[in-house]
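K.L.:
This is the structure, below, for whatever I ask next.
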Amino acid sequence: MSEHGYTVVAPADDIEEKKIHSFEVDGVGIAICRFRDEFFAIENRCSHALATFDDGRLRGYRITCPLHGATFDIRDGSVTGAPAKKPIRSFPVRITDGMIEVDLSPVD
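The numbering of the sequence shown is the numbering used here, which starts it at 316 and goes up by one.
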């Protein structure tokens with residue numbers, strides 16, 4: 316890990332627009348998404364049935380779980396569509412020297 320809990324994940328140029336890219340960082344499954352040249356990191360596990368988003372869809376700021384169709388906002392992990400009722404975790408992201416860094420520090 317680097318300063319303030321940030322960990323290097325991938326080169327920013329490797330993350331395609333409107334695609335879901337899955338990584339495991341320090342034992343945590345995360346999904347990195349790029350939309351309108353912004354990068355977002357969320358927990359790669361639906362809060363409804365614990366499926367990953369690997370085969371899900373990304374439309375705008377909304378990610379869809381491939382198992383039952385629950386949707387979440389990639390900006391903050393909030394639920395945007397049933398059957399999920401609980402949000403998923405989102406992580407702070409920054410770009411340093413062309414590399415995506417994610418802060419996996421626990422939320423206080």
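Just so you know, even glycine gets a beta-carbon here, dropped at the ideal spot from N, CA and C.
None of the values given here were measured: they were computed from a predicted structure.
In whole angstroms, what is the alpha-carbon distance linking ASP369 and GLU332?
P.N.:
For the purposes of this step, residue 369 is taken as residue 54 along the sequence shown, with counting starting at 1. For the purposes of this step, residue 332 is taken as residue 17 along the sequence shown, with counting starting at 1. Just so you know, the alpha carbons of ASP369 and GLU332 end up roughly 15 Å apart.
K.L.:
Pull up the distance between the alpha-carbon of HIS363 and that of ILE357, whole angstroms please.
P.N.:
On the sequence shown, position 48 is the one that residue 363 refers to. On the sequence shown, position 42 is the one that residue 357 refers to. Roughly 15 Å separates the two Cα atoms.
K.L.:
Considering THR322, what are the terminal residues of the beta strand (DSSP E) in which it resides?
P.N.:
In the sequence shown, residue 322 corresponds to position 7, counting from 1. First-last of the beta strand (DSSP E) with THR322: 321-326.
K.L.:
Just to confirm my understanding: we take PHE350, look at its own chain, exclude 5 residues before and 5 after, and list those with CB closer than 8 Å. What are they?
P.N.:
Mapped onto the sequence shown, residue 350 falls at position 35. So the qualifying residues of the chain are GLU332, LYS333, LEU373, GLY375, TYR376, ILE389.
K.L.:
Could you give the residue range of the beta strand (DSSP E) that holds CYS348?
P.N.:
Position 33 of the sequence shown holds residue 348. Note, CYS348: beta strand (DSSP E), 343-350.
K.L.:
Have a look at the DSSP bridge pairing and note the partners of GLU331.
P.N.:
Position 16 of the sequence shown, counted from the start, is the residue given in the question as residue 331. GLU331 pairs with nothing; no bridge assigned.
K.L.:
Around the Cβ of HIS383, are there at least 16 other Cβ atoms within 10 angstroms (buried) or fewer (exposed)?
P.N.:
Working through the sequence shown from its first residue, we reach residue 383 at position 68. Exposed is the call here.
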